[in-house]
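Undergrad: Right, I'll just put the structure down here and ask away after.
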Amino acid sequence: LKPVFLSLDLETLQMLNASIAVEGRDARDVASEYLRSKGFID
Numbered sequence: 121l122k123p124v125f126l127s128l129d130l131e132t133l134q135m136l137n138a139s140i141a142v143e144g145r146d147a148r149d150v151a152s153e154y155l156r157s158k159g160f161i162d
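With my numbering, the residue at position 18 of the sequence shown is 138, and numbering never jumps.
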């Protein structure tokens, strides 16, 4: 999990949180999309 946590800087966390809180997206979808985009999951 360390590489995942290292990829989560303030700007990224704010973007992910905004997707959930402001845009109303599902947290699982946001997380899955982020992890895929960074190559952590297929």
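Don't be surprised by glycine CBs; every beta carbon is placed ideally from N, CA and C.
1. What does the alpha-carbon distance come out to for the pair S127 and M135?
2. Put S157 into one of helix, strand or coil per three-state DSSP.
3. In this structure, does DSSP put R145 in helix, strand or coil?
4. First and last residue of the alpha helix (DSSP H) that includes L126?
5. Between S152 and R145, how many whole angstroms is the CB-CB distance? I'm expecting something under 8 Å.
TA: According to the structure shown:
1. 13 Å
2. helix
3. coil
4. 122–126
5. Rounded, the Cβ-Cβ distance is 11 Å, inconsistent with contact.
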